[in-house]
Amino acid sequence: MNYLKCKVAVIGEGNMIPSVVCCLLRAGHQVKSFTSRDPAGEVRRLAEIAGFSCLGNGEWEKNLEGHPELADCAIVVALTPEKMEEKAAMLRKIEKVANQDTLIALNSESITLDQLQDQMQLPSRLVGLNWTYPAHQTLFAEVIANQQTDTEMTENLMTLVRETWDKDPYLLKRGMGIRSRLIAAMAREAFFLVEHGYVEVADIDRACRNDPGYYLPFAGNCRYMDLMGTFIYGIVMEDLNPELSRAREIPDQFNSLMEISLDQSRTSQGFYTHTVDENEKLELSFLEFSREMRSLMDRYPFPKGDYPEEVGVTAKQEKTSNNHKK
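The opening position of the sequence shown corresponds to residue -9 in our numbering, with each subsequent residue numbered one higher.
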């Protein structure tokens, strides 16, 4: 299946939906969006901030019930909360109305692909696909597969994401994502430092923004250690690792913040107190910052050959070349 100009359905709820729709419309897909909210206005707003127009092929539906029109969609992108029962229910709905050869791409941060595939009649067509906001501007795309996943579907999706969706994706073949694990490890240490009185929340943010936040868009973690001297980082980790937090439970303070967030959505109080107007201004600033940051990152791309499949090809070519020399 060539997914280049295929019709794509986007199903789910939440802030990410309009941004994903915007990304797909910009890539030239005809998009069907199934959500309880009307994303057209939000998609238009995001596109205008990003500096492009992308609303030519959008269709908006209120929900998936009673809509068998998924039969003409080659890909279904689904976004649900990180709850097993909600993801299982979504997969059952999709399988009722989608063709058997439809690729289903579902977000999953902590639930493994194997667990999700156990809920399906045709598990081979499910891949994990995680986004980050704003999906229409960032390079991020995390694709998750395993031994059950259809290899051809996965390869075609990777080509689509890289060449048409304007992403720099990576493929994980062991059925689980890594982005959330990395973020959770940093968050756990941050909570430990705050709880034990070493720092305030604002100190954490300044430390993250002004050090790793400065170089990560350029190099990532490992490439930056190579740049600065890997040996030094090894010495630091040898001293620090025994002292790092090994907490297995969410801190009480964060549990309280989760309850507030659940009741009051993204407004009011989290680590900081925000009014509705302040929240809207913050998001607008973030979208404008993302556009500028993406432009800067495009000026400093990673060297070619970093993709595992490209590395494999290069190694094979070098081996063949050496054999010829002999």
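Using N, Cα and C, we set each Cβ at its ideal position, and we do this for glycine too.
Just so it is clear, the structure is predicted and the values come from calculations on it, not from any experiment.
Among the options, which one has its Cα closest to the Cα of residue i?
i	options	result
R178	D158, F292, D108 and D242	D242
L119	I173, T139, I225 and D229	T139
W121	R115, E132 and P113	E132
Y318	E228, L129, N269 and D104	The chain is shown only over -9 to 316; residue 318 falls outside these bounds and no answer can be derived.
Y123	L286, D267, Q109 and K157	K157
What residue does the alpha helix (DSSP H) around residue i start on, and which one ends it?
i	result
N146	T141 to E153
G31	A30 to A40
F24	Here F24 belongs to no alpha helix (DSSP H); instead the beta strand (DSSP E) covers Q20 to F24.
L103	L103 to Q107
A(-1)	That residue, A(-1), is in no alpha helix (DSSP H); its beta strand (DSSP E) goes K(-3) to G2.
L(-6)	Per DSSP, L(-6) belongs to no alpha helix (DSSP H) and is neither H nor E.
L15	M6 to R16
Leaving out the 5 sequence neighbours to the left and right, which residues in its chain are closer than 7 Å to residue i when beta-carbon positions are compared?
i	result
R126	What sits at residue 126 in the sequence shown is His, not Arg. Answer for H126: S9, C12, C13, R16, L36 and A40, listed in chain order.
K163	A135 and N136
P29	I7, P8, V11, S23 and W50
D253	The pLDDT assigned to D253 is 49, lower than 50, so where the model puts this residue is not dependable, and the model offers no usable value.
Residues in its own chain within less than 6 Å of residue i by CB, not counting five upstream and five downstream?
i	result
A(-1)	K22, L60, C63 and V66
K(-3)	Q20, D62 and C63
A180	I194
The beta strand (DSSP E) with residue i in it runs from where to where?
i	result
I65	I65 to L69
With DSSP collapsed to three states, give me the class of residue i.
i	result
A79	helix
A95	strand
L112	coil
L129	coil
E72	coil
Kindly list the residues whose CB is nearer than 8 Å to the CB of residue i, restricted to its own chain and excluding five residues on each side of it in sequence; keep chain order.
i	result
L261	Correcting the residue type first, residue 261 is Phe in the shown sequence and not Leu. Excluding residues within five positions, the ones whose Cβ falls inside 8 Å are V191 and L247.
E32	P8
Please specify which runs of the alpha helix (DSSP H), each continuous and at least 4 residues long, are wholly inside the stretch 231 to 297, giving them in chain order.
DSSP runs (the alpha helix (DSSP H)) wholly in the stretch 231 to 297: 242 to 254 and 266 to 289.
Could you tell me which whole alpha helix (DSSP H) segments of length 4 or greater appear in the stretch 157 to 233?
Counting whole runs of 4 or more residues, the stretch 157 to 233 contains the alpha helix (DSSP H) stretches 169 to 185, 191 to 200, 202 to 218 and 220 to 230.
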